[in-house]
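Terminal number for the sequence shown in our numbering: 400, no gaps in between.
For each residue, glycine too, the CB sits at the ideal point set by N, CA and C.
First the structure, in the form of structure tokens, and then the observations on it.
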Amino acid sequence: MKYKKIIINGRFLSQNITGVQRYAREIFAELDKLAENIEIIMAVDKHAENIPHYKNIKIYKCGIFSGTLWGQISLPLFVLKNKGLCVSVANVPPILTPHVIAVHDVNFKVNRQFFSKGIALWYNFAFGAVINRIKDIITISEFSKSEICRVYKKDYKNITITYTGWQHFEKLPYDENALQKYGLEKGKFYFAMSSMSPNKNFRWIAEAARKNPDCIFAVSGQVDKKIFGDGQSFDAPGNMKFLGYVSDGEAKTLMRDSRAFLFPTFYEGFGMPPLEALSTGTKAVVSDANCMREIFGSCVYYIDPNNPDVDLERLLKKEVTPPDGLLQKYSWKKAAEILYNDILMKYFK
52 MKYKKIIING RFLSQNITGV QRYAREIFAE LDKLAENIEI IMAVDKHAEN IPHYKNIKIY
112 KCGIFSGTLW GQISLPLFVL KNKGLCVSVA NVPPILTPHV IAVHDVNFKV NRQFFSKGIA
172 LWYNFAFGAV INRIKDIITI SEFSKSEICR VYKKDYKNIT ITYTGWQHFE KLPYDENALQ
232 KYGLEKGKFY FAMSSMSPNK NFRWIAEAAR KNPDCIFAVS GQVDKKIFGD GQSFDAPGNM
292 KFLGYVSDGE AKTLMRDSRA FLFPTFYEGF GMPPLEALST GTKAVVSDAN CMREIFGSCV
352 YYIDPNNPDV DLERLLKKEV TPPDGLLQKY SWKKAAEILY NDILMKYFK
């Protein structure tokens with residue numbers, strides 16, 4: 052079936068920026084540069100603010116709802132009225148019009164204990180209701196593609212891998228006041244940053260800090276208990292510093308000036324933060340789990356996410372491959388070109 056216009060689910064613009072929202076913002080910024088000859092509309096609710104400036108993508112405010120109701124009622128009604136192809140890359144897709152969606156990972160299915168009961172039920176219901184009606188699925192690694200097929204017990208032929216990028220980080224200025232603000236010294240701390248959901252495994256950092264009392268372990272992140280289950284109960288030693296929210300410029304500086312960036316995750320679809328860290332010239336220590344070797348190859352240091360008994364100083368003395376080639380491999384421009392050429396152009400009149 053051909054469509055006269057592409058309609059992007061713009062709900063991500065009203066959400067806090069984590070990995071999936073970053074993916075949406077950056078891939079559509081690049082898609083905007085390609086969309087000179089097709090009509091693309093980004094639908095948002097009437098309360099949306101801080102909307103990016105696009106050259107070719109048109110912004111349209113629609114509906115009377117916000118939040119989940121907007122995504123499940125207002126958006127699909129707008130899509131059906133305008134006979135468009137709906138593209139959702141950062142949210143639970145609209146059940147009525149699940150045309151093209153991104154499934155970044157199936158953590159909600161594999162590790163239900165990491166999510167609040169309500170969110171786990173909603174995610175599983177919504178994706179279960181649409182997974183066999185979707186025209187195209189976008190995902191971000193071979194691992195995630197295989198997991199989608201494994202979990203839903205079907206060899207899906209309509210899954211396209213785009214990977215992600217890091218170039219948004221390149222545009223950020225360093226904040227040279229960050230170390231002083233957080234009471235840290237250059238090269239004398241390890242740094243970790245992500246949403247503090249249970250699968251990010253901050254407990255490993257606490258235990259590693261306990262075993263390395265002469266080093267500071269600084270972590271940034273916040274828990275959204277509406278989405279994630281508790282799973283965060285652990286005793287933090289005195290040399291583990293919780294920084295809370297840090298700005299993008301502060302994060303970039305803390306990555307650059309740390310001894311290494313730590314990412315002991317249990318489960319990922321890609322793992323953007325270590326890629327961001329490598330772009331600043333720092334070393335990255337990541338868990339030897341899931342897609343990490345697929346994404347980072349020999350450019351990072353690997354640890355067992357279930358075993359915090361590791362000598363980080365000794366580990367960091369080992370040789371790894373410089374990340375230049377790795378950084379060239381992944382880009383938002385390449386991801387947008389795949390979305391545009393391999394998926395969207397199939398459906399446009």
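Spatial distance of residue i from residue j (CA atoms)
{"i": "ASP187", "j": "LEU128", "result": "20 Å"}
{"i": "ILE389", "j": "TYR381", "result": "12 Å"}
{"i": "GLU345", "j": "ILE115", "result": "44 Å"}
{"i": "SER125", "j": "CYS113", "result": "7 Å"}
{"i": "ASP226", "j": "LEU131", "result": "46 Å"}
{"i": "ASN133", "j": "ILE91", "result": "12 Å"}
{"i": "LEU230", "j": "ASN162", "result": "36 Å"}
{"i": "GLY70", "j": "LYS55", "result": "30 Å"}
{"i": "LYS196", "j": "ALA99", "result": "32 Å"}
{"i": "LYS106", "j": "ALA94", "result": "15 Å"}
{"i": "LYS160", "j": "GLY122", "result": "21 Å"}
{"i": "ALA80", "j": "PHE240", "result": "35 Å"}
{"i": "GLY238", "j": "THR304", "result": "12 Å"}
{"i": "LEU136", "j": "ALA302", "result": "37 Å"}
{"i": "ASN142", "j": "PHE63", "result": "7 Å"}
{"i": "LYS276", "j": "ASN392", "result": "Any reading at LYS276 must be qualified, since the residue scores a pLDDT of 41, below 50, and its modelled position is unreliable; no value is offered."}
{"i": "GLY348", "j": "PRO374", "result": "10 Å"}
{"i": "CYS342", "j": "ASN263", "result": "28 Å"}
Beta-bridge pairing of residue i - partner residues as DSSP gives them
{"i": "PHE242", "result": "ALA269 and PHE312"}
{"i": "ILE59", "result": "MET93 and VAL138"}
{"i": "LYS292", "result": "ALA269"}
{"i": "VAL151", "result": "VAL138 and ASP187"}
{"i": "ILE110", "result": "MET93"}
{"i": "TYR54", "result": "PHE399"}
Cβ neighbours of residue i in the same chain (closer than 7 Å, five flanking residues each side left out)
{"i": "SER330", "result": "TRP217, PHE220, GLU221 and LEU378"}
{"i": "ILE182", "result": "TYR203"}
{"i": "ILE256", "result": "ALA243, PHE268, VAL270, MET291, LEU313 and PRO315"}
{"i": "GLU258", "result": "PRO359"}
Close Cβ partners of residue i (< 6 Å) along its chain, the five nearest in sequence each way excluded
{"i": "LYS317", "result": "Per the sequence presented here, residue 317 reads as Phe, with Lys not at that position. Closer than 6 Å at the Cβ level, and outside the excluded window around PHE317, lie ASN250, ASN252 and PRO356."}
{"i": "LEU326", "result": "TRP217"}
{"i": "TYR207", "result": "CYS200"}
{"i": "ARG254", "result": "PHE285"}
Beta-carbon contacts of residue i that lie in its chain and below 8 Å, excluding the five residues immediately before and after
{"i": "TYR352", "result": "ALA311, LYS334, ALA335, VAL336, VAL337, LEU366, LEU367, LYS369 and VAL371"}
{"i": "ILE185", "result": "PRO144, PRO149, HIS150, VAL151, ILE152 and ASN209"}
{"i": "GLY332", "result": "ARG307"}
{"i": "GLU174", "result": "First, the residue type needs correcting, since residue 174 is Tyr and not Glu in the sequence shown. Only VAL143, PHE159, LYS160 and PHE166 meet the Cβ criterion."}
Distance CB(residue i)-CB(residue j) smaller than 8 Å
{"i": "ALA387", "j": "LEU313", "result": "no"}
{"i": "LEU235", "j": "SER271", "result": "no"}
{"i": "ALA328", "j": "ASN290", "result": "no"}
{"i": "THR190", "j": "GLY320", "result": "yes"}
{"i": "VAL138", "j": "TYR74", "result": "no"}
{"i": "ILE89", "j": "ILE57", "result": "yes"}
{"i": "ILE394", "j": "THR215", "result": "no"}
{"i": "ILE59", "j": "ASP83", "result": "no"}
For a minimum of 4 consecutive residues, which ranges assigned as the alpha helix (DSSP H) are wholly contained in the region 324 to 400? 343 to 347, 363 to 366, 375 to 380 and 383 to 389
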